[in-house]
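Participant: After the structure tokens below, expect a handful of questions from me.
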Amino acid sequence: MTDIVLESGTTARGASAGRRRYRLVRHSLLLAGRSLTKTRRSPGVLSDALFMPIIFLLLFVYLFGGAVSGSTHAYLQYVFPGVLVMTMLLAGMLATGLSINTDIKKGVFDRFRSLPIGRSAPLIGIVLGDVIRYVVAAVVLFATGYLMGFRVETDAVSAVAAAGLATALGFAMGWINVLIGVLIKEEVIVQTVAFLGIFPLAFGTNMVVPTGTMPGWLQAWVKVNPVSDAVDASRGLLLGGPVAHPATATLLWSAGFLVVFGPLAVHAYRRRS
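Counting in the working numbering, the sequence shown runs from 740 upward without gaps.
Below you can see the structure in the form of structure tokens.
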């Protein structure tokens, strides 16, 4: 009889936990819809995703193309995969943290506390809603690259895979800035810290120039930089070349960032709210 009671209690607790997880997922998706509605009503918030890929691609190609590769077309083929990765990183690490910081300062998240929803749902919802930035940035970048003369040398599936891999790393590393946006109160400081953190990662790779042209100490950083693996994988998927090892490393790095900084950001948000 005791065994039956214990089994019943365990089943009830399991069912209750399952319902809580289901509600958290449902509420997070609803609040992601709220974020998309905000974007639709104020399309200007996507200006960074619209113009940033164009500016970076134009600057790199026409500023360094002749010096590095001898022609702008050859350099466009070389630099495009790296710009794709950098664009996804910036799209996630800058906008999401600032958006969360703004909502906290305006008291929006305080209003959510009065609703019968999971305490983590507003945070997860706004992060999921900002995925539209990745889609917009990727479409704009590929369209700009095509107009400038870039051509995928593999196939369409590989191109989509390259964008997806870069997005996965950008989304995972975006949680670092989510944590910063929750912990730091001032928007300007959030943006400054994000820039200081992203540039050594984005530019400390072989994105702009081959690794062999760099000084030894910088080559050592490039080899351990997780973004370098993403650039190599993107280059292989778009232009041909080794993919398995850099793609696997990128996915492992993405999982690591998500597992470490996702719970930290949620915990910090719960304590602050």
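We put the CB at the ideal spot given by N, CA and C, even for glycine.
1) Ala972: which of Gly913, Ala933, Val899 and Gly1001 sits nearest, CA to CA?
2) Please classify Leu823: is it buried, with 16 or more other beta-carbons within 10 angstroms of its beta-carbon, or exposed?
3) Grab the span of the alpha helix (DSSP H) containing Pro981 for me, first residue to last.
4) Whole angstroms are fine: how far does the CA of Pro792 sit from the CA of Ser897?
5) Any contact between the segment 974–991 and the segment 879–893? By contact I mean 3 or more CB pairs, one from each, below 8 angstroms.
6) So, under 8 angstroms CB-CB, Ala911 and Ser993 are touching, yes? Tell me the CB distance rounded to an integer number of Å.
7) State the DSSP-derived secondary structure class of Val870, mapped to helix, strand or coil.
8) Buried or exposed: where does Val744 fall if 16 or more other Cβ atoms within 10 Å of its Cβ makes it buried?
9) Tell me whether Val903 is buried or exposed, calling it buried when 16 or more other Cβ atoms sit within 10 Å of its Cβ.
10) For Ile923, does the three-state DSSP call read helix, strand or coil?
11) On a Cα-Cα basis, can you pick out the residue from Ile928, Glu925, Leu796 and Thr944 that is closest to Tyr885?
12) Alpha carbon to alpha carbon, how far is Tyr801 from Gly809? Give it in angstroms, no decimals.
13) What are the boundary residues of the alpha helix (DSSP H) that includes Val963?
14) Here's the rule: buried if 16 or more other CB atoms are within 10 angstroms of the residue's CB, otherwise exposed. What is Arg872?
15) Under the three-state reduction of DSSP, which class applies to Asp968: helix, strand or coil?
16) To which residues of the same chain is Ala901 closer than 6 angstroms at the C-beta, ignoring the five residues directly before and after it?
17) Kindly provide the ranges of any alpha helix (DSSP H) runs that are 4 or more residues long and lie completely inside the segment 880–956, ordered along the chain.
Facilitator: Short version:
1) Val899
2) buried
3) Run containing Pro981: none; DSSP gives neither H nor E here.
4) Counting only the Cα atoms, Pro792 lies some 20 angstroms from Ser897.
5) yes
6) 4 angstroms
7) Val870 sits in a helix when the DSSP states are folded into three classes.
8) Reliability fails at Val744, whose pLDDT of 46 lies under 50, so the model's placement of it is uncertain and no value is given.
9) First, the residue type needs correcting, since residue 903 is Gly and not Val in the sequence shown. With fewer than 16 other Cβ atoms within 10 Å, it is exposed.
10) coil
11) Leu796
12) Tyr801 has its alpha-carbon roughly 11 angstroms from the corresponding atom of Gly809.
13) Gly955 to Val963
14) buried
15) helix
16) Ser973, Leu976 and Leu977
17) 895–922 and 926–942
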